[in-house]
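Residue numbers (UniProt numbering), protein chains in the order written: chain A, 1 to 326; chain B, 1 to 326.
Glycine included, C-beta positions come from ideal geometry on N, C-alpha and C.
2 protein chains.
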Amino acid sequence: MSGFRIDNLQYANWSEKIFRQMRAGGLDAVHVTIAYHETFRETVLQVERWNRYFEQFPDLIFQGFHADDVQLARDTNRTAIFFGFQNPSPIEDDIGLVQVWHQLGVRFMQLTYNNQSLLATGCYEDDDTGLTRMGREVVTEMNRVGIVVDMSHSGERSTLEAIEHSTRPIAITHANPHRWHAALRNKSDTVLRALGDSGGMLGFSIYPHHLAGGSDCTLDSFCQMIIDTADLMGIDHIGIGTDLCQDQPYSVVEWMRVGRWTKGIDYGEGSASNAGFPPMPDWYNDNRDFGNIADGLRNLGMTQGDIDKVMGDNWYRFYTDSFGGA
Amino acid sequence: MSGFRIDNLQYANWSEKIFRQMRAGGLDAVHVTIAYHETFRETVLQVERWNRYFEQFPDLIFQGFHADDVQLARDTNRTAIFFGFQNPSPIEDDIGLVQVWHQLGVRFMQLTYNNQSLLATGCYEDDDTGLTRMGREVVTEMNRVGIVVDMSHSGERSTLEAIEHSTRPIAITHANPHRWHAALRNKSDTVLRALGDSGGMLGFSIYPHHLAGGSDCTLDSFCQMIIDTADLMGIDHIGIGTDLCQDQPYSVVEWMRVGRWTKGIDYGEGSASNAGFPPMPDWYNDNRDFGNIADGLRNLGMTQGDIDKVMGDNWYRFYTDSFGGA
Chain A
1 MSGFRIDNLQ YANWSEKIFR QMRAGGLDAV HVTIAYHETF RETVLQVERW NRYFEQFPDL
61 IFQGFHADDV QLARDTNRTA IFFGFQNPSP IEDDIGLVQV WHQLGVRFMQ LTYNNQSLLA
121 TGCYEDDDTG LTRMGREVVT EMNRVGIVVD MSHSGERSTL EAIEHSTRPI AITHANPHRW
181 HAALRNKSDT VLRALGDSGG MLGFSIYPHH LAGGSDCTLD SFCQMIIDTA DLMGIDHIGI
241 GTDLCQDQPY SVVEWMRVGR WTKGIDYGEG SASNAGFPPM PDWYNDNRDF GNIADGLRNL
301 GMTQGDIDKV MGDNWYRFYT DSFGGA
Chain B
1 MSGFRIDNLQ YANWSEKIFR QMRAGGLDAV HVTIAYHETF RETVLQVERW NRYFEQFPDL
61 IFQGFHADDV QLARDTNRTA IFFGFQNPSP IEDDIGLVQV WHQLGVRFMQ LTYNNQSLLA
121 TGCYEDDDTG LTRMGREVVT EMNRVGIVVD MSHSGERSTL EAIEHSTRPI AITHANPHRW
181 HAALRNKSDT VLRALGDSGG MLGFSIYPHH LAGGSDCTLD SFCQMIIDTA DLMGIDHIGI
241 GTDLCQDQPY SVVEWMRVGR WTKGIDYGEG SASNAGFPPM PDWYNDNRDF GNIADGLRNL
301 GMTQGDIDKV MGDNWYRFYT DSFGGA
């Protein structure tokens, strides 16, 4: 089976409208963020919230646990929702929670969200000291149970050490190449090559701060970047992770940026004059636009087989290899 | 398939020795208590502890989620461990935690442990006011997700209301008939008939305070009580729930009795002069003695088919009907 459509990172203000847009966009699976700075107990509340959605909208969505659930979604015209964390806060200081979270369906966990964590260094810190003692232990445990190490918001050294230490391929679920757009969150050729060589995956982000030209980035520019990255990393190691933050109020971007780690304000990738969520490019407003990426790649001459790999089949293969116990 | 061996209630001081005794006793499944008074987070620590055991002793035990796991245990010479609570404290005041616990493998939950809870009245309270408002909601949710309502430590009215309100058969996992031994924890004929008529299950306890003659109770007396209860409730509605508390220190029986609900001391079924765990009858010291019950029933003339029902096949059927979503 092939031709799957997977968006491997979203954090929207979930609603029936958005779930219907996922169906309209033909998405077989979406990896959703359920924690930024939440404690264990607070994140369980997010699981409860999703359980309510699954109960309310069984014809649109269900929780995905295994790669097979992507096929099940396709077969039943629904979208499989896979859980992930953008920060290790939900495991607190307790390695035993890694397996508990896997049992509850979490399949991706970032070791850091911009700042230093108990596990590794975020991309906004001045000095990156790599994986911590606990970080190495937790990566080993994630490898054992089947939670993917995600280094989207981590520093360069931490990312390279995670690739090296992890016995299973890791992911950068939502970022773009630094050489295309020199944002702090985008990744160097060194990281991308190491990621591809180790069997890992990069998900291309459409969050405007990660795009050359920001909100004015053209579909052509985005798709040419994908083609160039395929040349760098290999066509089998790339996919989509839009970072779609649809319908979120300003309070949420503030929570993402500052959580409870400062009493002040930090604008992250934004600025005082541009503090909120930036407007999305006109070719990507919501899940219904997912196919536009395929169209853009086709216009630039990519073959259908390669387009299918980028649009979901690579993530599907990666899910197959990653979500079970070692 | 038949001839399963299931002990549907134990709370031992778990160790490799005990897991090996489960194998020696031929137990295909054991329902273990993982909470008495623990909060949500504290109970997660018990899940973590069990995950460690499953990782350490994969040749002896594994976590059971479905009735099929009893067959898997039989096929692989292991014991399937099913989780349960003797108190609803792990859901705190949050009905959303019912489904979360089902996802983590919990399959039985008592609505009360001796005292009044948020859900119902325990058997030690002076007045039993039946299911509370939240109690009715939680029973409905337990029915939906597939957690069995267990009324072993509940008052009479609460038990009858749980049988009535629950749309799926309930269980009294560990208790005996009050007419055989008039302990506060043992159950009236009214309750046992209502339980059997509604398709529910009674597990016979070997905890000495529940036995006629206490620690001196004979195997013959225990097995005759089983036969008499089969006449009352029907042979399809009875099984074993030994309440084996092997190798537990005194501190644990104290925790079971007083938790954090009093600064004083409550001796529960014991007394100041007999405060600890009472000695087990000589025919039941540990899991290796499980087959003695079958021998005792055979000596009293029970057929092999009926013995198999009591020793595990009834619980197996009940698991099949109870552990999945409604």
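According to DSSP, is residue i part of a helix, a strand, or is it coil?
i, result
"residue 7 of chain A", "strand"
"residue 323 of chain B", "coil"
"residue 19 of chain B", "helix"
"residue 177 of chain A", "strand"
"residue 309 of chain A", "helix"
"residue 34 of chain B", "strand"
"residue 110 of chain A", "strand"
"residue 299 of chain B", "helix"
"residue 29 of chain A", "strand"
"residue 122 of chain B", "strand"
"residue 274 of chain A", "strand"
"residue 24 of chain B", "helix"
"residue 282 of chain A", "coil"
"residue 115 of chain A", "coil"
"residue 269 of chain B", "coil"
"residue 14 of chain B", "coil"
"residue 39 of chain B", "coil"
Could you check how far apart the C-beta atoms of residue i and residue j are, in whole angstroms? I think they sit under 8 Å.
i, j, result
"residue 181 of chain A", "residue 210 of chain A", "7 Å"
"residue 110 of chain B", "residue 150 of chain B", "4 Å"
"residue 67 of chain B", "residue 73 of chain B", "In fact, because the Cβ distance is near 11 Å, the residues do not count as touching under 8 Å."
"residue 147 of chain B", "residue 98 of chain B", "6 Å"
"residue 196 of chain B", "residue 234 of chain B", "5 Å"
"residue 35 of chain A", "residue 46 of chain A", "6 Å"
"residue 292 of chain A", "residue 202 of chain A", "Residue 292 of chain A to residue 202 of chain A, Cβ: 20 Å. No contact."
"residue 311 of chain B", "residue 5 of chain B", "6 Å"
"residue 325 of chain A", "residue 144 of chain A", "7 Å"
"residue 223 of chain B", "residue 297 of chain B", "5 Å"
"residue 156 of chain B", "residue 95 of chain B", "The pair is not a contact, with the Cβ atoms about 25 Å apart (cut-off 8 Å)."
"residue 31 of chain A", "residue 108 of chain A", "6 Å"
"residue 227 of chain A", "residue 204 of chain A", "With 8 Å as the limit, residue 227 of chain A and residue 204 of chain A do not qualify as a contact, their Cβ atoms being about 11 Å apart."
"residue 37 of chain A", "residue 259 of chain A", "3 Å"
"residue 123 of chain B", "residue 185 of chain B", "6 Å"
"residue 70 of chain A", "residue 316 of chain A", "6 Å"
"residue 309 of chain A", "residue 236 of chain A", "6 Å"
"residue 153 of chain A", "residue 113 of chain A", "5 Å"
"residue 24 of chain B", "residue 64 of chain B", "Incorrect: roughly 19 Å between the Cβ atoms, too far for contact."
"residue 321 of chain B", "residue 2 of chain B", "Residue 321 of chain B to residue 2 of chain B, Cβ: 16 Å. No contact."
Determine, using beta carbons only, whether residue i comes closer than 8 Å to chain E.
i, result
"residue 43 of chain B", "This model lacks chain E altogether, as its protein chains are A and B."
| message | Quick check: the stretch 166-174 of chain A against the stretch 233-247 of chain A, are at least 3 beta-carbon pairs closer than 8 Å? | response | The answer is yes - the stretch 166-174 of chain A touches the stretch 233-247 of chain A, with three or more Cβ pairs under 8 Å.
| alpha helix (DSSP H) segments (min. 4 residues) lying fully within the stretch 50-108 of chain A | 68-75, 96-103, all fully within the stretch 50-108 of chain A.
| query | Is there contact between the stretch 59-69 of chain B and the stretch 3-15 of chain A, where contact requires at least three CB pairs shorter than 8 Å? | reply | As far as the Cβ criterion goes, the stretch 59-69 of chain B does not touch the stretch 3-15 of chain A, which means the pair count is below three.
| message | Check whether the stretch 119-138 of chain A and the stretch 146-163 of chain A are in contact - that is, three or more C-beta pairs closer than 8 Å. | response | Segments in contact, yes.
| query | What residues in the stretch 28-57 of chain B have a beta carbon less than 9 Å from any beta carbon of chain A? | reply | Answer set for the stretch 28-57 of chain B: 40, 41, 44, 45, 47, 48, 49, 51, 52, 55.
| query | Given 8 Å as the limit, is there contact between the stretch 37-53 of chain A and the stretch 88-98 of chain A, that is, 3 or more CB pairs closer than that? | reply | Remark: three or more beta-carbon pairs, one from each stretch, lie closer than 8 Å, so the stretch 37-53 of chain A and the stretch 88-98 of chain A are flagged as touching.
| request: Return the residues of the stretch 91-110 of chain A that lie within a Cβ-Cβ distance of less than 8 Å from chain B, sorted by chain order. | output: From the stretch 91-110 of chain A, only 94, 96, 97, 99, 100, 103, 104, 105 have a Cβ closer than 8 Å to chain B.
| said: What ranges does the beta strand (DSSP E) occupy inside the stretch 194-265 of chain A, keeping only unbroken runs of at least 3 residues that lie completely in it? | reply: The stretch 194-265 of chain A is shown to contain whole beta strand (DSSP E) runs of 3 or more residues at 201-204, 238-240, in chain order.
| message | I'd like the ranges of any beta strand (DSSP E) spanning at least 3 consecutive residues and lying wholly in the stretch 124-191 of chain A. | response | Segments of the beta strand (DSSP E) lying fully in the stretch 124-191 of chain A: 148-150.
| query | Are there three or more Cβ pairs, one per stretch, closer than 8 Å when the stretch 246-254 of chain A is compared with the stretch 275-285 of chain A? | reply | Segments in contact, yes.
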